[in-house]
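To start, the structure under review is shown below, and the notes come after it.
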Amino acid sequence: MAIDLDDWLRALGMERYISAFHDHDVDGSLLPTITAEDLRDMGIASVGHRRQLLNAIALLRSGQASDLANGPFAEKADRSHSVAPQQRRQLSVVFTDLVGSTQLSEQLDAEELSTLLTSYKSAVTEIVEEYGGFVAQYLGDGVLAYFGWPQAYDHDAERAVRSGLSIADSMHFLGRPHGVKLNCRIGIATGNVVVGDLIRNSYIEEDQAVGRAPNLAARIQLMAKPGTLAISDETKKIVEGKFDLTDLGNHKLKGFRGEVRIWRVEGASDGPTPDFKRRSKEKLPIINRKFELAQLDSAWERVEQGVPRSSLISGEPGIGKSRLVEEFVSHVLEADGAVLRFQCSPFHTNDALYPVLNQIWSMVLGGGQLSAGDTAQRLEQIFSATTLDPGKTASLADALMQFREHGRDTTLPLDALGRKEMTFQALIALFEWYVRDKKVLVVFEDLHWIDPTTKELLGRLLETFKDEQVMVLLTCRPAFQTAWEVNTRIELTRLSNEEIGEIAAHVYDLKPVPMPVLELIADRSDGVPLFAEELSKSFIETGVFDRTDGGGASIDETAVPTTLNELLVARLDRHPESRRILQTAAAIGRDFSFDVLSAVIDESDHALSAHLNTLVSAQIIVPAPAAARRYSFRHALMRDAAYETMLRSVRAMVHARIAAVLGARFRKITPAHVLGSHWGLSGNHAEATRCFQQAAEQASSRYANTEATAYFKSALNHLEQVALSDGLHPGTLPERADLLEQLGTVLTLVHDLDGAVAAYREAGGLVHDNPRKTARLHRLTGNALQQDRAGSLAELAAAEAALDQTAWRDDAELLREWIDIQLNTLNVHYWSGDGGAMSQLAAGLAQDVGSMTAEQRAEYFDQLVLRDLRMSRYDPTEDTIETASNYVSAAEETGNLAIIASALFILGFVNLHRIRLPQAQEAMSAGLEAARQSGHRKIELRCMTYLSLVYRRMHNPSEATRLSHESIALARELQMHEYIALATANLSWEAWQRGADSTACKLARDAMIQFEKTSIAYPFEWSALLPLIASSQTQKDLSEVPKLCARLLDSSQQNLPETLRNVVADIATLTGSDDMPLIKQRITALIDAARYSGFL
């Protein structure tokens, strides 16, 4: 609301100064920015009048009405009808107390003493106000002042210390007219407080700061010697380098736990000030980045020549990563290139595919707006123009549209892995469609905030773009470790003082900048471009740049920010009328929409638009470029600063209002985890639990298991708060066991087996009186421990024991649970190589085949095949092939593509070892296709790796090599060493085939290293050992070869064909022999036998 200056001054009884304000071009809009120096410049000589005006201005800054009493001698405005709202603030609190007031009363007449004390308080007040502080209370002979409220300035802590030094110096002059010597003690402490008017019944205590800092300042003052200033350790950390300090050591202060460290300020110094950096998206001239820009331009030239490139820019926050990207993007656009830009967010690190899906629709729709139906149709049209199977286009469009609907439940007839993979296929197809026949720059910014699913997608996109005319540009902070190879790495360094001066000049619109200002900016910015930019803007706002012949604020009186918090809060305080808007927007998040903010804050569209336009002009928020009526805080820390000024109780109410509005009016476009966050921050932990569980289940259904893990853990944390608020133990709530079981399932899928076991065991402890649930949780624990034979078998035995407490034979569901336990036990015996135990258990299960579900029958046949393979040492019979065929039939009954893919793999696997290579190739190829459709990447890896072995046995080196490379890439991603080993072994064979013995030898040894990393005895080490032995024939020292042959004969290894086995056994007998010619001769025989049997 606009302030009428004349009416405002009349309400204060200050109408005599109306002309002074008008003569200096000050109107109502500028009142909140007026300082004590401004009032002196306008000719207001009376300390009392300046004090009254500054108090009233402070109320305006706090956004309060000005219902003020008249009277030229009022120390404070009467606010009986106006209460300053409480806020959380970082304050530097100054407590000053006069020394020896009792002795003074003996020396001076009462009237003279009163005059002296008034002069003392006036002097302290004047000095505090000159440095931008606020005198809150007079406490006897003491004065309590705040720096940081009701108006924050950059460098508030330094201002407080400087005011303390000036107060101490002023005492020497105050006592002189009265013939006495005055001294005071001064204490300063910095910390977070709640400040504002404290209401006690009908009584208002004005300007009260509650917290540690005010009490600490008072105690520190008592520790100071007369005439000195002492500060807390917190204050010292902020102002260090600007003052000469003496360590007074640690002290035990009354009311404070532990010892408190105190410092004495000896005086000001010219030392350096710590700098604080932050990001900026605002475009500034490119300064000292010519070399880096040339590197990027060179990479783009290669792209124009048809060579794909990738680059990574790393650097600390504020160093200019975004600015360099912006400049390079302009170069690409000038060269008629296309640009796709994706921004990772610190608020969406668990939000699957957020950077991609936040921008993908503009790529699909070209910036237009379409209905959901028309968008899906547009997607199908795009997909039909790609190489995708035409029968998939509708399903892929549907999968992608599920994300547009924020992950709502889908009825796609696939498992979660399948939906995730289909979504990936859809996105990759979109990218391939977009980059076709054009030169494209793809930018992913701030990878240190990337969510796991986007990271996985980016890895696949990098592989996809290797065959396109595309340049990929990545940016991140130095701590982020990239998993991908890039062609160019660029590390940005800080700028020189001269270059910082260029930034200041451009911020000042290329006008001459006073040298002291340039030196100050260069000194304080420490070479960080963003900090230099913010310092320069702060100087413009406070009038420093306008100083010519004494006009404008002086440099000494205009603080330069030494902490980012002080700078940000100072920027926010310049718009007190918009404080509520900013706080509510901050509670919504870094990004917010006009519609949501309007609904939450209950403000008219016209008024809210005016506030937001003001904040945009002040560069506190920025409108989203590609979305109407959406805004973002210019910096994440700007949002944090606004948010932290709210009381926690107020925050809770605001979050409750946001959650209610989002749930009632914006539910379709609000992800469940966002609702959960707001409900949690509001203190409604029951709703938060429900929302996070929903978010976790949705993420799990998309196979975004890392995100699902985070959401399940959040749900559990909030459920614990529900129990505690009701005075209950968390374990008494039945929902906890269910959530823990769900958490264990997703932890198993992300290979956090220790976490899964812990979750299952905790859940089991909560349901010990329920045999049905107890059995299931023991089984799940055993499954997670399946490669720990003893631990797994113990859990499975406990599961069976729990079932024995029930009549499980008479209950179909419990019978199926018992069958699952037996199937899990079979799997444990397989991994431990106990074929006899498998046979015994399988025989006992045979009578229950008719009671099994299709999934269980498929698993049963799978275990029978594995049993046969293990017992025959991978020399299967016709009966094994028949069992594998039964496995495929049972799998097809399930309709589950992942199970079908696994069955086809097993059929191909058996045919491979039965030396029916065409049949093996056919089955495994079909299994690979089914695995890719299902999205089950472990089965895909299994099919791909063994298919490469099939091609190796068929002597097709090109296909074997291609699939081996693809297998290694996926196996590394999934951290599955046995598949890295087998694929590397196949590459070793290919190298030996073409006569590259040294390469073959190295690859074979690499494969054996990977085999050693597996937790089991892998039975196909011959795949690496035979090429290793064959390639070593030309070496002089062959003493290792007999040992390698002995390893081939180990019972854990596949049974080799008789002719080959006999030669291997002959060589093994030469262990310890130094007859190298004989060993070499036997190696030749081994090569012939291996070739004949198809093993080389």
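For any residue, its number in this note's numbering is found by taking its place in the sequence shown, counting from 1, and adding 21. By construction, the Cβ of each residue, glycine as well, lies at the ideal position given by its N, Cα and C atoms.
Taking only three categories from DSSP, how would you classify residue i?
i, result
"L134", "helix"
"D265", "strand"
"N726", "helix"
"A693", "helix"
"L250", "strand"
"A359", "strand"
"A230", "strand"
"I1120", "Residue 1120 lies beyond the stretch modelled for the chain, which goes from 22 to 1117, so this question has no answer here."
"S392", "coil"
"L129", "coil"
"D99", "Reliability of the predicted coordinates at D99 is poor, the pLDDT of 37 falling under 50, and the value obtained from them is presented with this limitation in mind. It is coil, neither helix nor strand."
"L59", "It should be noted that the sequence gives Asp, not Leu, for residue 59. Helix, per DSSP."
"L203", "coil"
"A1111", "helix"
"W454", "helix"
Using the Cα positions of residue i and residue j, report the straight-line distance between them to the nearest angstrom.
i, j, result
"A1012", "R344", "47 Å"
"G786", "S813", "17 Å"
"S87", "A245", "With a pLDDT of only 34 at S87, under the threshold of 50, the placement of this residue in the model should not be trusted, and no figure is reported."
"S638", "I188", "39 Å"
"D661", "Q604", "9 Å"
"E348", "W321", "13 Å"
"L890", "I960", "19 Å"
"I1100", "T982", "30 Å"
"R678", "V621", "6 Å"
"L668", "R601", "12 Å"
"R1103", "L1059", "11 Å"
"T691", "R595", "33 Å"
"D759", "K342", "45 Å"
"G752", "E783", "9 Å"
"T256", "Q108", "21 Å"
"L1164", "K1057", "Because the chain spans 22 through 1117 in this model, residue 1164 falls outside it and cannot be assessed."
"T766", "A796", "15 Å"
Using the DSSP secondary-structure output, state which residues sit across from residue i in a beta bridge.
i, result
"K273", "E280"
"N213", "Q111"
"Q9", "No answer is possible for residue 9: the residues shown for the chain start at 22 and end at 1117."
"R285", "A251, T267"
"F2", "In the structure as shown, the chain starts at 22 and stops at 1117, and residue 2 therefore has no counterpart that could be examined."
"Y167", "V114, F155"
"T510", "A small fix is needed here, since residue 510 is Arg in this sequence, not Thr. Answer is L333."
"G208", "F116, A251"
"L160", "G163"
Cβ pair count under 8 Å reaching 3, the stretch 773 to 787 against the stretch 798 to 808
yes
Mind pulling the alpha helix (DSSP H) runs of 4 or more residues that sit fully within the stretch 802 to 844?
810 to 824
Touch test, the stretch 821 to 835 against the stretch 858 to 868, Cβ-Cβ under 8 Å, three pairs minimum:
no
Can you confirm whether the stretch 486 to 503 touches the stretch 329 to 347 when touching is taken to mean that 3 or more C-beta pairs between the two stretches lie within less than 8 Å?
yes
Would you say the stretch 184 to 197 touches the stretch 600 to 610, given that touching needs at least three Cβ pairs under 8 Å?
no
With a threshold of 8 Å, are at least 3 pairs of Cβ atoms found where one atom belongs to the stretch 876 to 889 and the other to the stretch 1058 to 1073?
no
How about the stretch 912 to 927 and the stretch 875 to 883: do they share at least three Cβ pairs that are nearer than 8 Å?
yes
Does the stretch 440 to 456 come within contact of the stretch 475 to 493, defined as at least 3 CB pairs closer than 8 Å?
yes
Given 8 Å, three or more beta-carbon pairs between the stretch 734 to 742 and the stretch 692 to 712:
Cβ pair count under 8 Å is three or more, so yes.
Touching or not, the stretch 960 to 970 and the stretch 928 to 945, by the rule of three or more beta carbon pairs under 8 Å?
With contact defined as three or more Cβ pairs closer than 8 Å, the stretch 960 to 970 and the stretch 928 to 945 are in contact.
Segment contact flag, the stretch 249 to 258 with the stretch 280 to 287, C-beta cutoff 8 Å, min 3 pairs
yes
Contiguous beta strand (DSSP E) assignments of at least 3 residues, all confined to the stretch 612 to 662:
The qualifying runs are 612 to 614, 642 to 644, 651 to 654.
Please give me, in chain order, every unbroken run of the alpha helix (DSSP H) with length at least 4 that falls completely inside the stretch 832 to 913.
833 to 852, 856 to 866, 875 to 892
Contact the stretch 982 to 991 vs the stretch 1025 to 1034: 3+ CB pairs below 8 Å
no
Every unbroken alpha helix (DSSP H) within the stretch 739 to 791, with a cutoff of 4 residues, ordered by chain
755 to 770, 774 to 787
Entirely enclosed alpha helix (DSSP H) segments - the stretch 1050 to 1084, minimum 4 residues
1061 to 1069
Pairs of beta-carbons, one from the stretch 131 to 143 and one from the stretch 167 to 179, closer than 8 Å: are there three or more?
no
Answer yes if the stretch 498 to 513 comes into contact with the stretch 402 to 409, meaning at least three C-beta pairs across the two stretches below 8 Å, and no otherwise.
Short answer: they don't touch.
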